[in-house]
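**Student:**
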Amino acid sequence: MNKKFRISAAVVVVLAVAVLLTGCATSQAMVRTIEVSATAEVTLEPDIASFSVQVSEKADTTKEAQQLANEKMAQVLATLRS
Numbered sequence: 665m666n667k668k669f670r671i672s673a674a675v676v677v678v679l680a681v682a683v684l685l686t687g688c689a690t691s692q693a694m695v696r697t698i699e700v701s702a703t704a705e706v707t708l709e710p711d712i713a714s715f716s717v718q719v720s721e722k723a724d725t726t727k728e729a730q731q732l733a734n735e736k737m738a739q740v741l742a743t744l745r746s
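Quick note, the sequence shown lines up with residues 665 to 746 if you use the working numbering.
(1) Please list, in chain order, all residues of the same chain as Ser716 whose beta carbon is under 7 Å from its beta carbon, the five residues on each side excluded.
(2) Using the C-alpha atoms, what's the distance from Met737 back to Leu744?
(3) In chain order, what residues of the same chain have a beta carbon less than 6 Å from the beta carbon of Leu679, not counting five sequence neighbours either side?
(4) Does DSSP put Ile671 in a helix, in a strand, or in coil?
Shown next, in the form of structure tokens:
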């Protein structure tokens with residue numbers, strides 16, 4: 665039984681050494697890299713502006729609701745143009 669124990673212990677030691685050497689070999693094979701990340705912000709005078717306007721109306725008929733919405737939109741456009 666003592667001989668079997670020694671053989672088993674030797675196999676375990678050899679496997680442990682093999683695993684450790686494999687780990688060392690991969691660390692030497694690593695490639696050197698440089699990683700850079702950045703963000704930037706630029707401020708300048710705008711040459712285009714965009715926006716949206718929504719008008720909603722409720723009425724008894726679609727025609728009445730559309731007419732009321734058109735009147736409100738005309739007021740909005742008149743205000744923007746003045």
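We treat Cβ as the ideally placed atom computed from N, Cα and C, and that holds for glycine.
**Tutor:** In this structure, then:
(1) none
(2) Going by the C-alpha atoms only, they are around 11 Å apart.
(3) Answer for Leu679: no residue qualifies.
(4) helix
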